[in-house]
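Chemist: Please find one structure pasted underneath; my questions will follow.
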Amino acid sequence: MEQPNNPLHGVKLKTIMEKLVENVGWEALYERVPVRCFKFDPSIKSSLAFLRRTPWARTKVEDFYLEVKDYCS
């Protein structure tokens, strides 16, 4: 199904997290979305588990990614 108006269509949450961590780091991510898994012993695996079961946090991470994606490699 085509989703021409959805800029995140086809982008995996894991890819979003990897690009954010690589380009802005855990500290900036925590400042933007203050959740424990970004501050204390952060990892992609624990973050994905949390974000998949916490819709409000996932939305904030996706919004942050959309704001900075042009700067991400």
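Reminder that position 51 of the sequence shown reads as 50 in numbering that gives the first Met the number 0, one-by-one numbering, no gaps. Where a beta carbon is used, it is the ideal one built from N, C-alpha and C, also for glycine.
Any Cβ of chain D within less than 9 Å of the Cβ of LEU7?
Modeler: Checking the listed chains, one finds no chain D in this structure; it contains a single protein chain.
Chemist: Can you list, in chain order, the residues of its chain whose CB lies under 6 Å from that of TRP25, leaving out five sequence neighbours each side?
Modeler: So the qualifying residues of the chain are PHE37 and PRO41.
Chemist: Are VAL20 and LEU28 touching if we call contact CB-CB under 9 Å?
Modeler: In contact: VAL20 and LEU28 (Cβ atoms closer than 9 Å).
Chemist: Do ASN22 and VAL60 come within 9 Å of each other at the CB atom, strictly closer than that value?
Modeler: Not closer than 9 Å, so no.
Chemist: With H, G and I counted as helix, E and B as strand and the rest as coil, what does DSSP make of THR58?
Modeler: Correct three-state label for THR58: helix.
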